[in-house]
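If you read the protein sequences in the order shown, they are chains A and B. At position 110 of the first sequence the residue is numbered 110 (this note's numbering), and the sequence of numbers has no breaks. At position 758 of the second sequence the residue is numbered 889 (this note's numbering), and the sequence of numbers has no breaks.
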Amino acid sequence: MAFCNPAQVLIIDDDEINNFIVERLIHRLSPESEVIACTNGAEALGFLEKTVSKDNSFPDFIFLDLRMPVLDGWGFLDEYQKRGFQKQCSVIILTSSIFRYDIDRAHEHVVPTQLISKPLTLDHLRDLFWT
Amino acid sequence: MRFGALKIACIYLIVSLVWITCSDRLLFNMESTLTNAQLLWIGSVKGYFFVTINGLFLYLLINSDKKELLRSEQQYRDIYESNPNPMWIYDSETLQIVSVNDAAVASYGYSKKQFLSKSILDIRPAEDAEKTKNAAHEISDKLNQSGRWRHIKQNGQLIDVNITSHKINFSNKQGVLVMAKDITERVQFEEQLEKINTDLLIEKRKLRETQLISKIAGWEYYPENNNLIWSDELYQITGIEKCDPREAFDIYIKHIYPEDRQLMINALQELISNNKPMNVIHRIVAVDGSTRYIRQIAKVDPSDSLRLKILGSLQDVTEFKQLEEERNRYLHSFEHTLNSISDVFFALDWDMKVTRVNNAFLSLFKDHDHIVGEDIFSLFPKEKNKFYPAYQKALESRVIVKLEEYSQILEKWIRLAAYPTDEGVSVYFTDITENKLKDIKLKEAVERYELVAQATHDVVYDMDIVRDHIEYNTSLTHLVEVSPDDIAHNLSWWRSLIHPDDLAEVVSSQEKIRRQGSTNWECEYRINCGSGNYKYVMDQGYYVFNEKKEAVRLIGAIKDIDALKRANRENVRLANIITQVSNMIIITDTDQRITWVNKAFEEMTGYTLNEVAGRFPMEFLGGSGLDFSDLEQLKEKQRKRESFAVDLMVFSKTQVQVWVSAKLSPAYDSSGNYTGYVTICQDVTSRKEKEEEINRQNELLRNIAWMSSHEIRRPVANMIGLISLLNNRGTESEKQEILRLLNQCSSEMDDMIFLIHQKIQNSFPAEIIIPS
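Take a look at the structure:
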């Protein structure tokens with residue numbers, strides 16, 4: 001096992017409070033890690049395209065909310081799969097939904113590595129960074 | 132060649148005497164010319180020569196004799212050993228067998244060793260032992276013919292032998308030479324011969340007895356000297372003394388009835404002259420004065436060629452003759468009987484020719500001149516003769532055959548019986564046409580009655596009122612659980628089965644009919660069919676009255692109408708239910724047109740039966756709540772004649788909406804033919820409204836649940852996350868920021884709760900229930 005430090009993390013969520021919590025928790029665990037936040041799927045896809053084409057770098061973790069304006073989490077996942085982004089990146093669905101439907105659908109989709117019900121905790125992050 | 136001791140001695144004597152005489156004479160003559168010494172020498176030489184020659188000669192003779200003796204001995208031994216007859220020698224004292232030849236070994240089966248280990252007692256049956264010892268003791272020195280003895284072979288077979296024995300000296304002991312000749316076959320043959328002779332004697336005695344019983348006796352007659360010789364039996368039969376000095380021929384002729392005498396003489400003359408065998412019956416006056424019938428049968432004896440010899444036999448046939456007369460009388464009587472009976476009779480021989488007929492038969496064939504001797508098939512052509520197999524069977528199988536058949540020739544029904552007789556077959560037949568037609572009619576009537584009884588299952592009865600006896604048909608046991616043995620054939624038993632409440636009506640209705648003198652009576656009542664199970668029956672009877680107008684007979688039929696009665700009651704009950712039921716009932720025909728609706732339908736829809744009869748239900752009810760595919764499915768189910776249920780909205784005559792739950796079932800008549808559909812509709816309007824309300828509430832609940840999951844949970848989750856940040860290390864400004872954000876979250880949550888409350892109030896403005 002190795003601790004992923006520093007890591008590049010992409011948060012896709014229109015809830016700024018959530019983004020604040022995630023960023024703070026990451027920096028507490030890994031102060032050097034870079035945290036980028038996008039407020040919808042379309043913005044995140046643009047960011048990913050840009051950063052890949054620029055220096056061929058890619059975030060280590062993507063925290064994805066499901067309900068967002070413009071392009072929601074499901075739309076992002078389908079597009080992400082379609083565009084063939086590298087698979088080393090862990091895409092974690094971070095949602096406040098406790099609907100069975102959302103949980104089952106997330107498990108059926110090939111892209112997400114896991115689903116975490118909000119709020120994100122330090123324990124979650126430790127498990128993720130120790131890979 | 133054997134010389135023998137005497138011969139040798141004689142030769143020796145003669146030759147010695149001749150030599151001595153001749154040689155001494157010669158020596159004497161030479162005395163003058165010879166000296167004494169020479170004479171002595173010559174004399175000595177002569178003596179030596181004589182002795183030498185004699186010794187040589189004796190040796191040759193004795194040797195030759197010995198050889199001869201041995202050859203002779205061998206010959207005798209060969210005669211003994213190779214003798215084809217079994218021979219042995221036994222010791223006279225011990226009776227032990229000491230020698231045995233090959234033939235004995237071969238014939239008896241004992242080996243030579245076994246023979247030599249036995250005494251002569253061992254080869255005989257034990258019971259002959261004493262006799263054997265005595266015989267052995269009495270053996271003389273001469274040849275002994277001991278006669279027939281029994282010996283036992285090695286295989287246990289007992290044989291008869293003829294024994295010849297002779298005493299001999301064997302191995303310096305006294306022995307007996309025995310020769311045994313197997314005479315078993317000869318003995319058996321003799322025994323058979325003896326048995327045949329005995330049998331012949333018995334047969335002869337039997338024949339004699341038989342002759343005496345059947346009164347037959349033989350005689351011989353020699354015409355040339357008129358000599359008649361009678362057998363002993365003949366004397367016995369006629370009772371004439373054998374010692375009667377008269378000529379037998381004369382005695383016999385004298386006893387013949389004068390009327391028959393010439394017949395007998397003529398027959399005898401015919402036999403003598405023309406060699407015609409004699410066979411005559413004549414009467415004689417017996418010694419006791421009685422008349423006897425005598426049959427004489429005679430013919431010429433061809434074995435005696437020297438003189439004419441007639442062999443004859445005489446039989447007293449008086450009894451036969453009497454029987455024949457009796458038979459003739461009987462036949463006459465039989466003939467008379469045959470002619471007096473109304474049955475037709477004819478007799479056939481083995482060739483199916485008519486041998487005898489009676490008058491009844493002749494009356495059938497008046498046109499035929501010759502019936503007796505005719506072939507039966509010329510009278511009854513074979514192709515039309517159905518009775519021919521009966522004659523044939525009686526004739527060949529020797530059994531009585533009886534038959535009833537319609538004769539195409541006589542155009543009548545015939546009952547025929549064919550009896551086998553010695554001559555062929557006797558046939559009797561009767562015209563039974565009238566009876567047969569009656570029988571056929573009766574049979575048809577009975578069959579018809581039985582068929583009707585079977586077809587209806589009705590209990591048919593016939594009551595003899597006078598005798599109080601009722602006869603039932605077999606259907607009774609189908610109606611009432613009773614075994615045929617337990618049926619009491621009287622009125623009280625039947626009435627005991629009638630329900631107590633119905634009995635009075637049955638009795639009174641019958642009495643009423645009888646009083647009125649009416650014939651037809653009927654009554655419905657219940658009867659106990661067993662175990663207290665009562666069934667309704669319809670009893671219909673016909674009274675028969677006598678000349679005094681008294682009812683004497685009641686013939687009737689009892690019909691089980693229980694099912695019908697119950698069905699009627701059930702129908703009434705169902706009609707009431709259908710009329711009173713609150714559900715709408717629509718009955719449609721095979722074209723889906725209304726044929727009947729119930730009262731509930733009329734009340735609920737406002738349409739009367741007359742208004743809707745012949746119309747399609749949907750045409751005026753305007754059912755809705757179904758889309759096109761649902762309608763197609765329903766039509767398909769109806770085509771397949773399936774039962775199904777459907778909820779739909781219909782409109783009453785006043786256009787009021789009514790939700791109904793319709794259950795459609797195909798209907799069939801009692802023969803199983805499809806008659807349409809029966810539709811039962813239940814008013815489910817209030818249920819439908821409640822269902823819609825529940826659906827609406829469910830939808831609201833789903834929305835609130837979704838909002839709880841997404842909208843409320845989001846600030847809650849954020850608050851939890853912020854609080855966890857607050858609990859951990861952080862700067863003061865960060866904590867301030869977190870508190871600000873917490874405040875924002877709680878504000879969002881409050882907004883959300885307000886929104887939910889708003890939503891519920893919009894959905895159920897007047898139904899907010901405050902939990903107690």
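For each residue, glycine too, the CB sits at the ideal point set by N, CA and C.
Nearest chain B C-beta to residue i closer than 9 Å, yes or no?
{"i": "residue 119 of chain A", "result": "yes"}
{"i": "residue 129 of chain A", "result": "no"}
{"i": "residue 30 of chain A", "result": "no"}
{"i": "residue 20 of chain A", "result": "yes"}
{"i": "residue 98 of chain A", "result": "yes"}
{"i": "residue 115 of chain A", "result": "no"}
{"i": "residue 36 of chain A", "result": "no"}
{"i": "residue 15 of chain A", "result": "yes"}
{"i": "residue 122 of chain A", "result": "yes"}
Under the rule that 16 or more other beta-carbon atoms within 10 Å means buried, what is residue i, buried or exposed?
{"i": "residue 810 of chain B", "result": "buried"}
{"i": "residue 16 of chain A", "result": "exposed"}
{"i": "residue 153 of chain B", "result": "exposed"}
{"i": "residue 64 of chain A", "result": "buried"}
{"i": "residue 876 of chain B", "result": "buried"}
{"i": "residue 521 of chain B", "result": "buried"}
{"i": "residue 271 of chain B", "result": "exposed"}
{"i": "residue 106 of chain A", "result": "buried"}
{"i": "residue 206 of chain B", "result": "exposed"}
{"i": "residue 30 of chain A", "result": "buried"}
{"i": "residue 179 of chain B", "result": "exposed"}
{"i": "residue 19 of chain A", "result": "buried"}
Below 9 Å on C-beta distance, what does residue i contact in chain B?
{"i": "residue 67 of chain A", "result": "841, 845"}
Taking residue i as part of the beta strand (DSSP E), name the residues at either end of that continuous run.
{"i": "residue 616 of chain B", "result": "First-last for residue 616 of chain B: undefined, no H or E at that position."}
{"i": "residue 289 of chain B", "result": "289-301"}
{"i": "residue 269 of chain B", "result": "Premise fails: residue 269 of chain B is in no beta strand (DSSP E) and is neither H nor E."}
Could you check which residue in the options has the C-alpha nearest to that of residue i?
{"i": "residue 620 of chain B", "options": "B:644, B:593, B:610, B:635", "result": "B:593"}
{"i": "residue 233 of chain B", "options": "B:224, B:209, B:225", "result": "B:209"}
{"i": "residue 717 of chain B", "options": "B:703, B:741, B:556", "result": "B:741"}
{"i": "residue 435 of chain B", "options": "B:609, B:351, B:384, B:459", "result": "B:351"}
{"i": "residue 721 of chain B", "options": "B:414, B:770, B:466", "result": "B:770"}
{"i": "residue 787 of chain B", "options": "B:746, B:836, B:736", "result": "B:736"}
{"i": "residue 348 of chain B", "options": "B:369, B:328, B:332", "result": "B:369"}
{"i": "residue 361 of chain B", "options": "B:306, B:526, B:446, B:411", "result": "B:446"}
{"i": "residue 231 of chain B", "options": "B:224, B:225, B:244", "result": "B:244"}
Which residues in chain A sit within 9 Å of residue i, going by Cβ to Cβ distance?
{"i": "residue 725 of chain B", "result": "Within chain A, no residue comes near residue 725 of chain B; the closest Cβ sits about 49 Å away, beyond 9 Å."}
{"i": "residue 753 of chain B", "result": "Result: empty, since nearest Cβ-Cβ is about 40 Å, beyond 9 Å."}
{"i": "residue 803 of chain B", "result": "By Cβ distance, chain A contributes nothing, its closest Cβ being about 54 Å from residue 803 of chain B, past 9 Å."}
What are the boundary residues of the alpha helix (DSSP H) that includes residue i?
{"i": "residue 570 of chain B", "result": "564-587"}
{"i": "residue 741 of chain B", "result": "740-743"}
{"i": "residue 880 of chain B", "result": "863-894"}
{"i": "residue 154 of chain B", "result": "136-160"}
{"i": "residue 113 of chain A", "result": "Per DSSP, residue 113 of chain A belongs to no alpha helix (DSSP H) and is neither H nor E."}
{"i": "residue 463 of chain B", "result": "449-471"}
{"i": "residue 850 of chain B", "result": "844-858"}
Quick one: which chain B residues come within Cβ less than 8 Å of residue i?
{"i": "residue 24 of chain A", "result": "856, 861, 865"}
At a Cβ threshold of 9 Å, is residue i touching chain A?
{"i": "residue 868 of chain B", "result": "yes"}
{"i": "residue 745 of chain B", "result": "no"}
{"i": "residue 849 of chain B", "result": "yes"}
{"i": "residue 886 of chain B", "result": "no"}
{"i": "residue 790 of chain B", "result": "no"}
{"i": "residue 876 of chain B", "result": "yes"}
{"i": "residue 831 of chain B", "result": "no"}
{"i": "residue 853 of chain B", "result": "yes"}
So which residues on chain A does residue i lean against when the C-beta distance must stay under 7 Å?
{"i": "residue 872 of chain B", "result": "17, 20"}
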